[in-house]
Ligand SMILES: [Zn+2]
Ligand SMILES: [Zn+2]
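Numbering (the working numbering), first residue to last: 195 to 325.
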């Protein structure tokens with residue numbers, strides 16, 4: 195069982211599933227939304243994700259048609275993204291995890307939009323857009 199929370203602690207969740215195929219997304223939306231070079235996330239099964247507290251504190255921002263980025267309204271921590279086209283999954287923002295994770299990222303995606311000031315210095319596969 196993995197647990198996670200936002201920065202202020204209002205929103206807490208647990209996830210009873212596998213975290214795999216972690217990607218670092220360098221797209222311009224993830225850069226803007228996170229305020230840094232890339233966002234690290236993993237697609238998870240929605241049925242195994244449970245909000246424990248703070249449902250009333252969630253705020254959604256539709257960054258593209260049908261793509262809803264969900265954060266804490268109080269501290270603004272990005273928590274997950276849900277897509278209308280794939281209602282059975284969520285993209286979990288792994289920085290919100292409190293439980294240690296043994297899995298490692300598998301790829302850099304949307305490196306065509308990468309910040310020019312950030313150099314990727316690992317050997318992971320890089321994709322211009324989505325693989
Ligand atoms: Zn918060
Ligand atoms: Zn992205």
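A virtual CB, placed ideally from N, CA and C, is assigned to each residue, including glycine.
If you check the C-beta of residue 279 against ligand 2, you find no heavy atom less than 8 Å away.
Looking at the DSSP output, residue 242 shares a beta bridge with no other residue.
Between the alpha carbons of residue 244 and residue 309 lies a distance of about 34 Å. Non-local C-beta neighbours of residue 213 in its own chain, meaning closer than 8 Å and more than five positions away in sequence, comprise 196, 236, 238, 286, 288, 295, 297, ordered along the chain.
The C-alpha of residue 252 is placed about 11 Å away from the C-alpha of residue 206.
For residue 222, the enclosing alpha helix (DSSP H) has its first and last residue at 222 to 228.
Rounded to whole angstroms, residue 216 and residue 319 show a C-alpha spacing of 12 Å. At least one heavy atom of ligand 2 falls within 8 Å of the beta-carbon of residue 223.
Under the three-state reduction of DSSP, residue 284 is assigned to strand. Sequence-distant Cβ neighbours of residue 223 in its own chain, meaning closer than 6 Å and more than five residues away, are 257. In this structure, the CA atom of residue 242 is about 6 Å from the CA atom of residue 211.
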